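*Asks:* Reminder that position 138 of the sequence shown reads as 138 in the UniProt record's numbering, one-by-one numbering, no gaps. For each residue, glycine too, the CB sits at the ideal point set by N, CA and C. These numbers come from a predicted model, not from an experiment.
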Amino acid sequence: MKDDTGLRARKKARTRRALVTGAMRLFAQKGYEQTTLAEIAASAEVSTRTFFSYFAGKEDVVFFDTEERLSETLAIAGRRLPGESVTALLARAVEAGAKWEDDLAAERFHLITAVPALQARALHLLFDSQRRLAEALCAAYPDELDPVAAAAAVGSMVGAAKLAAVMTLSRGEDREAAWTAARRAIEIAANGLDSLGIRS
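(1) Just tell me which of Thr-5, Leu-19, Ala-75 and Gly-78 has its CA closest to the CA of Arg-49.
(2) Compute the Euclidean distance between the alpha carbons of Leu-81 and Arg-25, then round it to the nearest angstrom.
(3) Does the distance from the CB of Ser-43 to the CB of Gly-22 come in under 7 angstroms?
(4) Does Glu-68 pass the burial test, meaning 16 or more other C-beta atoms within 10 Å, or should it be called exposed?
(5) Name the two residues that bound the continuous alpha helix (DSSP H) containing Phe-64.
(6) Measuring only the C-alpha atoms, how far is Ser-53 from Asp-143?
(7) What ranges does the alpha helix (DSSP H) occupy inside the stretch 94-172, keeping only unbroken runs of at least 4 residues that lie completely in it?
(8) Should Phe-127 go down as buried or exposed, given a rule of 16 or more other Cβ atoms within 10 Å for buried?
(9) For Val-73 versus Ala-96, is the C-beta spacing smaller than 7 angstroms?
(10) Should Ser-170 go down as buried or exposed, given a rule of 16 or more other Cβ atoms within 10 Å for buried?
(11) What residue does the alpha helix (DSSP H) around Leu-37 start on, and which one ends it?
(12) Helix or strand or just coil, what does DSSP make of Val-46?
(13) Determine the extent of the alpha helix (DSSP H) in which Arg-183 is found, giving its start and end residues.
(14) When the Cα atoms are used, what is the spatial distance from Arg-183 to Gln-119?
(15) Can a CB atom of chain D be found closer than 7 angstroms to the CB of Glu-67?
(16) According to the Cβ coordinates, are Ala-161 and Ile-188 closer than 7 angstroms?
(17) Report yes if the C-beta distance between Arg-14 and Glu-59 is below 7 angstroms; otherwise report no.
(18) Would you identify the three-state DSSP class for Leu-74, choosing helix, strand or coil?
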């Protein structure tokens with residue numbers, strides 16, 4: 001029974017990945033607006049109905065890992081180490097969420113910057129993730145951090161990492177270069193956040 005469950009999970013993961021890969025290939029070939037859900041489903045050899053078992057629409061395919069990455073970031077923010085400062089915990093959490101493990105990062109970046117609907121979705125997701133991270137940070141430091149300070153800290157560090165990565169990708173560099181830039185930006189922002197006066 002356990003093996004069957006594992007097999008089903010692996011099959012679902014493969015199908016999900018095939019849908020994402022197929023969609024990104026079609027978006028590059030035909031354009032985002034011109035690509036249909038039926039075509040994406042066919043690229044993964046599944047039905048359109050099966051597509052909806054994995055994604056609500058095309059936008060969700062592009063942002064397929066957003067919630068998973070945010071969940072990892074929030075989990076880290078909720079596991080404050082003994083004696084860990086706000087800046088150190090936030091840097092650790094943002095760094096985990098900033099690293100791109102998939103090979104579609106550059107392709108997704110260029111797609112998002114070219115499609116207004118995806119730009120709007122990306123902005124909405126960014127604000128939502130920052131709000132949730134600020135709430136998690138307040139919960140981790142209830143006696144030391146107020147909502148305004150948490151918002152400032154999160155906005156500073158997340159904004160620095162995102163913008164550094166975007167500028168790197170916009171110059172045509174690869175995801176490793178973007179990751180290196182994001183990590184450097186996190187370090188710079190962390191140094192500046194010491195002005196919050198919360199170091200213990």
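*Replies:* Per the coordinate set shown:
(1) Checking every option, the nearest Cα to that of Arg-49 belongs to Leu-19.
(2) Distance between the alpha carbons of Leu-81 and Arg-25 is about 42 angstroms.
(3) Going by C-beta atoms, Ser-43 is nearer than 7 angstroms to Gly-22.
(4) Exposed, since its Cβ has fewer than 16 Cβ neighbours within 10 Å.
(5) Boundaries for Phe-64: no alpha helix (DSSP H) harbours it, and the DSSP string shows neither H nor E there.
(6) Roughly 43 angstroms separates the two Cα atoms.
(7) Here the runs fully enclosed are 105-114, 116-140 and 147-170.
(8) It is exposed - the Cβ of Phe-127 has fewer than 16 other Cβ atoms within 10 Å.
(9) The sequence as given places Thr at residue 73; Val does not occur at that position. Closer than 7 angstroms, so yes.
(10) Burial state of Ser-170 is exposed, judged by a 10 Å Cβ sphere holding fewer than 16 other Cβ atoms.
(11) Taken as a continuous stretch (DSSP letters only), the alpha helix (DSSP H) holding Leu-37 covers 37-43.
(12) DSSP, read as helix, strand or coil, puts Val-46 in coil.
(13) Where Arg-183 is concerned, the enclosing alpha helix (DSSP H) starts and stops at 175-192.
(14) A straight-line Cα-Cα distance of about 23 angstroms links Arg-183 and Gln-119.
(15) As a matter of chain content, chain D is missing from the structure shown, which is built from one protein chain.
(16) In this structure, Ala-161 sits away from Ile-188, with a CB-CB distance that is not shorter than 7 angstroms.
(17) It is not a contact, given that the beta carbons lie outside the stated cut-off.
(18) Under the three-state reduction of DSSP output, Leu-74 falls in the helix class.
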